[in-house]
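Chains as they are written, first to last, in full-length UniProt numbering: chain A, 1 to 333; chain B, 1 to 333.
For each residue, glycine too, the CB sits at the ideal point set by N, CA and C.
Keep in mind it's a predicted model, so treat the numbers as computed, not measured.
Here's the structure, in structure tokens; my notes come after.
2 protein chains.
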Amino acid sequence: MTGRPTLEQVAERAGVSRATVSRVVNGSPTVTPAIRETVQRAIAELGYVPNQAARSLVTQRTDSIALILPESEFRVFSEDQAIPGFIRGVSQELEAADKQLVLMVGGSPSAHDRIERYALARHVDGVIIASMHGADPLPNSLHRMGIPVVCGGRPLGRSTVPYVEVDSVGGARLAVRHLLERGRTRIATVAGPQDMVAGIDRLAGYRRELQDSDRRSIVAVGDFTRESGAVAMRQLLADDPHLDAVFVASDLMAFGALTALREAGRRVPDDVALVGFDDVEQARYAEPPLTTVRQPIIGQGREMARQLLRLVAGEDIPSSVVLPTELVVRSSA
Amino acid sequence: MTGRPTLEQVAERAGVSRATVSRVVNGSPTVTPAIRETVQRAIAELGYVPNQAARSLVTQRTDSIALILPESEFRVFSEDQAIPGFIRGVSQELEAADKQLVLMVGGSPSAHDRIERYALARHVDGVIIASMHGADPLPNSLHRMGIPVVCGGRPLGRSTVPYVEVDSVGGARLAVRHLLERGRTRIATVAGPQDMVAGIDRLAGYRRELQDSDRRSIVAVGDFTRESGAVAMRQLLADDPHLDAVFVASDLMAFGALTALREAGRRVPDDVALVGFDDVEQARYAEPPLTTVRQPIIGQGREMARQLLRLVAGEDIPSSVVLPTELVVRSSA
DNA sequence: CTGAAAGCGCTTACAG
DNA sequence: CTGAAAGCGCTTACAG
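What follows is the structure, encoded as structure tokens:
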């Protein structure tokens with residue numbers, strides 16, 4: 001026998017038509033039990049597995065979903081754990097729905113064409129875009145082509161593409177409120193890059209909470225890397241030597257800030273209280289263990305997949321879903 | 001117009017046969033330049049993109065490759081950076097070859113059936129298996145079915161499946177030799193789990209190098225996690241309070257060991273020199289910065305993809321490729 | 001160099 | 001409930 005068995009061969013062996021085999025394979029209820037069994041035996045004996053390409057050609061479905069990861073997240077071979085978390089969440093949900101995950105790296109302009117062509121070639125039923133820098137045109141352009149899309153994080157700029165995000169503003173407020181409740185009075189922040197929603201929103205949350213308390217804001221901006229956290233922290237100390245607390249918009253930057261504080265001879269939390277954001281694995285092992293805001297990365301991945309599957313199935317979905325964040329109190333604040 | 005344009009429509013618009021359009025799309029050299037241009041214009045005007053399913057059905061190729069990640073690597077939401085590195089390397093190479101990456105999570109027995117069926121459905125042209133615990137039957141079973149497979153790391157047990165691995169034995173020897181050259185005399189090791197090749201080989205390297213130097217070996221076993229590194233380190237100190245060096249089989253375990261040494265009042269490297277393995281991002285930021293063995297994770301991913309593509313193309317490939325490791329000397333030893 | 005035709009392996013109205 | 005037949009959108013010998 002050459003190659004894998006086909007429907008045709010199963011039909012012949014079972015003594016029925018191809019249509020009937022197809023019905024059995026696809027679980028149609030209108031098949032007489034006796035015939036169903038004969039067919040199933042033939043399938044088992046031959047080790048038949050449906051050819052996906054042939055099936056897609058007629059159903060116009062592929063049962064695969066693309067997950068687009070922005071290139072920049074990968075460029076630095078980073079300690080950040082968002083990528084595996086996203087993948088994990090998305091794949092859990094897709095697996096349960098018996099869909100396949102196609103991974104594409106690259107939010108760079110040069111990758112757009114490739115991704116668009118791929119989606120247009122109907123190689124996937126829909127697209128999940130993990131997160132973006134700036135006002136990426138990709139989600140909108142796919143959306144316009146009628147391809148189901150869900151974004152991770154609110155797209156910047158004009159957009160009607162549905163998205164799933166984590167409540168960054170709320171998380172930042174939790175962090176700042178905690179510092180206020182601990183009696184801190186000069187609360188600075190190391191903000192993230194202002195061309196990313198996470199950077200923008202975490203700073204907005206800081207500002208809003210502080211505003212309610214009448215304290216003035218003290219801001220330095222980093223780019224979510226450890227080094228930038230140290231640099232920003234030094235700058236904050238120069239700007240206000242009397243600051244007694246810092247909300248750092250990412251754990252990685254918080255580690256950098258910790259180093260800078262130590263160099264400057266400040267004790268944490270005695271002199272300066274510190275709260276991070278993300279709750280990466282290493283946060284528990286920092287010295288002192290880092291108080292931080294936990295965001296449900298895996299949950300976000302799952303929710304994105306869930307929404308996309310609904311969209312693919314033709315259902316209506318909310319234009320946005322926001323997941324709650326949570327403060328994890330350890331020793332640094 | 002309903003749906004996306006087809007070959008047929010392009011042919012009609014260009015006033016040629018479907019065969020000719022197909023030739024132009026696939027870059028056949030036997031097309032008259034003038035006709036080629038007419039067709040290309042029609043393609044551009046219509047925004048034609050070939051339907052992948054239809055193409056696969058006749059070519060019997062899908063131009064996609066599956067990357068299988070073991071579930072366990074994901075279970076702990078870990079600090080380990082191997083996964084993104086693998087993905088990065090594989091996707092770089094596949095992108096260059098214009099192949100797609102399908103990601104499947106799960107080396108668990110329950111996932112085997114799903115993966116096998118998927119490969120048999122010809123949804124992918126070949127399979128890359130990132131790494132395995134124990135003697136996983138998956139590579140062999142795919143191999144027997146005639147599906148091109150390449151493994152990351154030598155498969156345990158009997159196997160004829162080609163693999164790409166990093167020279168763990170050599171790396172461990174580099175580490176131990178370095179400690180010997182620094183004049184250390186009582187060199188212990190925290191080994192990795194002995195059901196994983198990386199665990200086994202790094203211990204073998206330690207033993208071999210030590211054996212050449214006539215020193216006795218002092219061994220404790222961890223499971224590559226930070227916590228297990230601390231536990232193992234305490235045990236080593238109890239076993240031999242006079243040890244003056246440790247080769248730890250992973251950086252994460254080395255971080256745990258560092259904590260345990262600090263608790264025990266030992267200075268690193270003054271009292272005890274420490275060498276890790278992996279060179280994860282955090283190694284540079286440890287206190288003291290960690291001397292460790294760097295392994296080319298991205299390079300391994302790329303090489304696996306390269307070998308698999310050759311296999312898919314029908315070429316012969318070596319039964320194994322071993323990539324060199326390198327000692328990165330920092331302050332801990 | 002180009003076209004007519006067969007065929008890849010399925011699903012799905014449409015009859016019966 | 002089952003089968004004959006059409007058709008999904010391509011590629012590729014085979015003629016010419």
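> Assuming A172/A and F247/A make a contact with CB atoms under 8 angstroms, what is their CB distance in whole Å?
Replying inline: By 1-based counting over the first sequence, the position of residue 172/A is 172. By 1-based counting over the first sequence, the position of residue 247/A is 247. About 7 angstroms; that satisfies the 8 angstroms criterion.
> If you compare alpha carbons, which of E95/A, R41/A, G157/A, R284/A is closest to L309/A?
Replying inline: Within the first sequence, residue 309/A is the residue found at index 309, counting from 1. Residue E95/A is the option with its Cα nearest to L309/A.
> Residues of chain A with a CB under 9 angstroms from the CB of R158/B: which are they?
Replying inline: For the purposes of this step, residue 158/B is taken as the residue at position 158 of the second sequence. Result: empty, since nearest Cβ-Cβ is about 23 angstroms, beyond 9 angstroms.
> Alpha carbon to alpha carbon, what distance is there between L142/A and E116/A?
Replying inline: For the purposes of this step, residue 116/A is identified with residue 116 of the first sequence, where counting begins at 1. For the purposes of this step, residue 142/A is identified with residue 142 of the first sequence, where counting begins at 1. The straight-line gap from Cα to Cα measures roughly 7 angstroms.
> If you draw a straight line from the C-alpha of V76/A to the C-alpha of T20/A, how long is it?
Replying inline: Position 76 of the first sequence, counted from the first residue, corresponds to residue 76/A. Position 20 of the first sequence, counted from the first residue, corresponds to residue 20/A. A caution first: V76/A carries a pLDDT of 47, below 50, which makes its placement in the model too unreliable to give a value.
> Taking DSSP as the reference, what is the three-state secondary structure of F247/A?
Replying inline: The sequence position of residue 247/A within the first sequence is 247, counting from 1. Three-state DSSP puts F247/A in a strand.
>> Determine, for G285/A, whether the minimum Cβ-Cβ distance to residues of chain B falls below 8 angstroms.
In response: Position 285 of the first sequence holds residue 285/A. Here the sequence assigns Tyr to residue 285/A, which means Gly is not the residue at that position. Yes, Y285/A counts as interfacial toward chain B.
> Bridge partners of D278/A, per DSSP?
Replying inline: Translated into the one-based positions of the first sequence, residue 278/A becomes position 278. In the DSSP output, where bridge partners are listed per residue, D278/A has R294/A.
>> Can you pull the chain B neighbours of S56/A, defined as C-beta to C-beta under 9 angstroms?
In response: Stepping through the first sequence from its first residue, residue 56/A is reached at position 56. In chain order: N51, Q52, A53, A54, S56, L57.
>> Do L243/B and T225/B have their beta-carbon atoms positioned less than 8 angstroms apart in this structure?
In response: On the second sequence, position 225 is the one that residue 225/B refers to. On the second sequence, position 243 is the one that residue 243/B refers to. Not a contact, by the Cβ cut-off of 8 angstroms.
> Can you name, in chain order, every residue of its own chain whose Cβ lies under 7 angstroms from the Cβ of E12/B, other than the five neighbours on each side?
Replying inline: Here residue 12/B refers to the residue found at position 12 when the second sequence is read from its first residue. Nothing listed; no residue qualifies.
> Can you round the beta-carbon distance between D125/A and P148/A to whole angstroms, since I take them to be within the 8 angstroms contact cut?
Replying inline: In the first sequence, residue 125/A corresponds to position 125, counting from 1. In the first sequence, residue 148/A corresponds to position 148, counting from 1. Sure, about 7 angstroms apart at Cβ, within 8 angstroms.
>> Closest to L323/B by C-alpha separation, out of V221/B, R294/B, A204/B, V16/B, would be which residue?
In response: Residue 323/B sits at position 323 when you count from the first residue of the second sequence. The option with the nearest alpha carbon to L323/B is R294/B.
> In angstroms, rounded to a whole number, what distance separates the CA positions of H178/B and E281/B?
Replying inline: Here residue 178/B refers to the residue found at position 178 of the second sequence. Here residue 281/B refers to the residue found at position 281 of the second sequence. The straight-line gap from Cα to Cα measures roughly 21 angstroms.
> If you count every other CB in all the chains shown that lies within 10 Å of the CB of Q100/B, and 16 or more means buried, which is it?
Replying inline: Start at 1 with the first residue of the second sequence, and residue 100/B comes out as number 100. Under this definition Q100/B is a buried residue.
>> Tell me whether the segment 255-262 of chain B and the segment 212-232 of chain B touch, counting them as touching only if at least three CB pairs, one residue from each stretch, are closer than 8 angstroms.
In response: yes
> Are T189/A and S213/A close, meaning C-beta to C-beta below 8 angstroms?
Replying inline: Counting from 1 along the first sequence, the entry for residue 189/A is found at position 189. Counting from 1 along the first sequence, the entry for residue 213/A is found at position 213. Taking 8 angstroms as the Cβ cut-off, T189/A and S213/A do not qualify as a contacting pair.
>> I'd like the list of long-range same chain contacts for A230/A, defined as Cβ closer than 6 angstroms, with 5 residues on each side in sequence excluded.
In response: In the first sequence, residue 230/A corresponds to position 230, counting from 1. Within the same chain, A230/A has close Cβ partners G256, T259, A260.
> For S53/A versus A53/B, is the C-beta spacing smaller than 8 angstroms?
Replying inline: Counted from its first residue, the first sequence places residue 53/A at position 53. Counted from its first residue, the second sequence places residue 53/B at position 53. Here residue 53/A turns out to be Ala, not Ser, going by the sequence shown. Yes, Cβ-Cβ distance for A53/A and A53/B is below 8 angstroms.
>> Residues in the same chain with beta-carbon distance under 7 angstroms from D239/B, minus the five sequence neighbours each way, listed in chain order, please.
In response: For the purposes of this step, residue 239/B is taken as the residue at position 239 of the second sequence. If we look at D239/B and ignore the five residues flanking it on each side, its Cβ neighbours are I218.
> Under the rule that 16 or more other beta-carbon atoms within 10 Å means buried, what is A130/A, buried or exposed?
Replying inline: As a working mapping, residue 130/A is identified with position 130 in the first sequence. With 16 or more Cβ atoms within 10 Å of its Cβ, A130/A is classed as buried.
> Below 8 angstroms between beta carbons: does that hold for E209/B and S320/B?
Replying inline: As a first step, residue 209/B is located in the second sequence; it is residue number 209 there, counting from the start. As a first step, residue 320/B is located in the second sequence; it is residue number 320 there, counting from the start. Going by C-beta atoms, E209/B is not nearer than 8 angstroms to S320/B.
> Exposed or buried, what is D195/A when buried is set at 16 or more other beta-carbons lying within 10 Å of its beta-carbon?
Replying inline: Along the first sequence, one-based indexing puts residue 195/A at 195. D195/A is exposed by the Cβ-count criterion.
>> I'd like the ranges of any beta strand (DSSP E) spanning at least 3 consecutive residues and lying wholly in the segment 178-202 of chain A.
In response: 187-191
> Buried or exposed: which applies to G314/B, given that a residue is buried once 16 or more other Cβ atoms fall within 10 Å of its Cβ?
Replying inline: For the purposes of this step, residue 314/B is taken as the residue at position 314 of the second sequence. It is exposed - the Cβ of G314/B has fewer than 16 other Cβ atoms within 10 Å.
> Excluding sequence positions up to five away, which residues of its chain have a Cβ less than 6 angstroms from the Cβ of L103/B?
Replying inline: Here residue 103/B refers to the residue found at position 103 when the second sequence is read from its first residue. Cβ neighbours of L103/B beyond the five flanking positions: L67.
>> On the criterion of 16 or more Cβ atoms from any shown chain inside 10 Å, does V58/A qualify as buried, or is it exposed?
In response: Translated into the one-based positions of the first sequence, residue 58/A becomes position 58. When all chains shown are included, V58/A counts as exposed.
>> For L203/A, which residues in the same chain have their Cβ closer than 6 angstroms to its Cβ, ignoring the five residues on either side in sequence?
In response: Residue 203/A sits at position 203 when you count from the first residue of the first sequence. Same-chain partners within the cutoff: A191.
>> Against V102/B, what residues of chain A qualify as contacts under a CB-to-CB distance less than 8 angstroms, listed in chain order?
In response: Taking the first residue of the second sequence as 1, we reach residue 102/B at position 102. Near V102/B (Cβ distances below 8 angstroms), the residues of chain A are S64, Q100, L101, V102, L103.
>> Please identify the residue among G47/B, E37/B, P318/B whose C-alpha is closest to the C-alpha of L7/B.
In response: Position 7 of the second sequence, counting from 1, holds the residue named residue 7/B. Measuring from the Cα of L7/B, the nearest candidate turns out to be G47/B.
> Does the segment 300-307 of chain A come close enough to the segment 81-91 of chain A to have 3 or more Cβ pairs within less than 8 angstroms?
Replying inline: yes
> Given T185/B, which residues of its chain have a CB within under 7 angstroms of its CB, disregarding the five upstream and five downstream residues?
Replying inline: The sequence position of residue 185/B within the second sequence is 185, counting from 1. Same-chain partners within the cutoff: R215, D244.
> If you measure from the beta carbon of A11/A to each beta carbon in chain B, is any gap under 8 angstroms?
Replying inline: In the first sequence, residue 11/A corresponds to position 11, counting from 1. No, A11/A lies away from the interface with chain B (no Cβ there is under 8 angstroms from its Cβ).
>> Excluding the 5 residues flanking P296/B on each side, which residues of the same chain have their C-beta closer than 6 angstroms to its C-beta?
In response: Counted from its first residue, the second sequence places residue 296/B at position 296. Once the five neighbours on either side are set aside, the close Cβ partners of P296/B are L323.
>> When you compare the CB of P289/B with every CB in chain A, is at least one pair closer than 8 angstroms?
In response: Here residue 289/B is taken as the residue at index 289 of the second sequence, counted from 1. For P289/B, the answer is no, since every Cβ of chain A falls outside 8 angstroms of its Cβ.
>> Looking at the strands, I want to know which residues DSSP matches up with I87/B.
In response: The sequence position of residue 87/B within the second sequence is 87, counting from 1. I87/B is not bridged to any residue.
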